[in-house]
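What follows is a short report on a single structure.
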Amino acid sequence: MASFGYYKYEQHQRELEQLGPTCAAMSQPCFVATIAPLAAILNELAVGRAEVITMLPPGASPHTYEPKPSDLRSVMHAGAFFYVDDKLDGWAADLPAKKKINVLSLVPEDCLLTMETACCPSEHEEGGHHHDPVIDPHFWLDPCVVRNTVPQLVSILSELDPNGKDIYQANADAFREHLVDVDRQVRALVGPLKGSKVATTHPSFQYLCDEYGLEVTMVVMDSPGKEPSPKQMEKLSREAKEKGVKAIYSEPQIPRSAAEMLSKASGVPLYELDPVGGCDERCDYDELILYNAQVLAASLK
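Going by our numbering, the sequence shown opens with residue 64, and the numbers climb by one from there.
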């Protein structure tokens with residue numbers, strides 16, 4: 064995980080001067096967000112007033128991403144830099160932005176979930192260590208939580224760009240209404256599967272599953288790159304069978320080898336969910352949420 068403070072900016076100064084235009088060349092307000100779903104949410108609020116740039120390219124993991132000189136240039140000239148939280152894209156806090164917004168801190172407290180229920184069972188093996196629960200940063204995968212967070216985002220945007228306040232508020236009203244429809248569509252797809260038990264490669268989907276009545280019974284890797292040992296994999300396989308896990312889900316941003324091993328050992332089928340999106344068919348926020356709902360519906364029938 065990289066750390067890019069002001070000393071890094073000085074190191075890359077010459078490279079920055081040679082880069083093409085980003086926020087610096089835009090006449091309208093410009094904001095940068097680390098990940099595609101965060102940018103998609105902000106774009107719904109800023110459309111017609113401000114430009115929103117996504118830093119991470121499709122397929123990149125926010126946990127392990129290393130910012131490029133071009134990223135530094137965008138951040139330096141942006142009106143604000145939005146990132147999720149230290150537990151997801153913490154490297155963002157070290158970038159030389161005019162204004163940094165930790166978006167998880169804007170989520171209403173009663174909407175937040177901890178990661179204790181999404182902890183890999185292997186953590187509790189004999190000789191292992193129990194970790195105190197931490198806040199799950201993947202809030203954007205629940206459209207209901209996003210809907211409840213929009214007013215705080217509008218307040219921030221209006222402070223950053225007071226002349227755009229009316230546009231941000233009008234966009235927010237429309238987006239919040241649209242999220243009601245997105246929630247309705249997801250419930251229609253996933254609601255009949257309430258109570259289904261699933262396993263995920265990474266603890267990304269607790270918000271989505273919790274909202275719609277699915278149970279994340281186990282997580283294959285509690286952090287990217289930390290694959291279970293053979294002993295842990297044996298335990299995961301045994302528990303998947305005992306608990307009646309119906310599907311295992313990998314993610315495109317994380318190697319799927321561990322999920323494939325668990326699927327083969329347990330006989331539970333493997334599918335792919337996408338927590339970040341950003342590709343052509345999953346750029347808009349509703350496209351990402353409905354894609355995952357459709358995968359869940361098809362795999363758990």
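Cβ coordinates follow ideal geometry from the N, Cα and C atoms, glycine included.
Around the beta carbon of residue 106, 16 or more other beta carbons sit within 10 angstroms, so the residue counts as buried. The three-state secondary structure of residue 270, taken from DSSP, is helix. One alpha carbon belongs to residue 130, the other to residue 123, and they sit about 11 Å apart. Distance from residue 287 to residue 317 at the Cβ level is roughly 5 Å; contact confirmed, criterion being Cβ atoms closer than 8 Å.
In this structure, DSSP gives residue 240 a helical state, which the three-state scheme calls helix. Across the structure, residue 217 and residue 292 are spaced so that their CA atoms are roughly 45 Å apart.
The beta carbon of residue 357 sits closer than 8 Å to the beta carbons of 252 from its chain, once the five residues preceding and following it are set aside; these are given in chain order. Closest in alpha carbon position to residue 309, among 340, 279 and 260, is 260.
The Cβ-Cβ distance between residue 120 and residue 152 does not fall below 8 Å. At a cut-off of 3 residues, the continuous stretches assigned as beta strand (DSSP E) that sit fully inside the stretch 124-183 are 143-146 and 163-165.
Distances from the alpha-carbon of residue 108 to those of 146, 175, 272 and 215 put 215 closest. The continuous alpha helix (DSSP H) containing residue 358 extends over residues 348-363.
The criterion of a C-beta distance shorter than 8 Å is satisfied by residue 352 and residue 249. Within the stretch 263-350, the complete alpha helix (DSSP H) segments at least 4 residues long are 269-274, 293-305 and 320-329, listed from N- to C-terminus. The C-beta distance from residue 336 to residue 268 rounds to 6 Å, short enough to fall under 8 Å. Look at residue 113 here: in three-state DSSP terms it is coil, with no helix or strand label. The beta carbon of residue 324 sits closer than 8 Å to the beta carbons of 296 from its chain, once the five residues preceding and following it are set aside; these are given in chain order. Contact between residue 205 and residue 271 holds, with the beta-carbon distance rounding to 6 Å and staying under 8 Å. If the five residues before and after residue 322 are omitted, its C-beta is found closer than 7 Å to the C-beta atoms of 264, 283, 311, 313 and 333, all from its own chain and listed in chain order. The DSSP-derived three-state label of residue 197 is coil. In the DSSP assignment, residue 207 falls within the unbroken alpha helix (DSSP H) covering 206-223. In terms of Cβ geometry, residue 224 and residue 142 form a close pair [threshold 8 Å]. Residue nearest to residue 112 within the set 246, 346 and 228 is 228 (criterion: CA-CA distance). In this chain, the beta strand (DSSP E) harbouring residue 94 covers 93-96. Between the alpha carbons of residue 222 and residue 330 lies a gap of roughly 53 Å.
Sequence-distant partners of residue 213 (beyond 5 residues in either direction) whose C-beta falls short of 6 Å from its own C-beta, in its chain, are 235 and 239.
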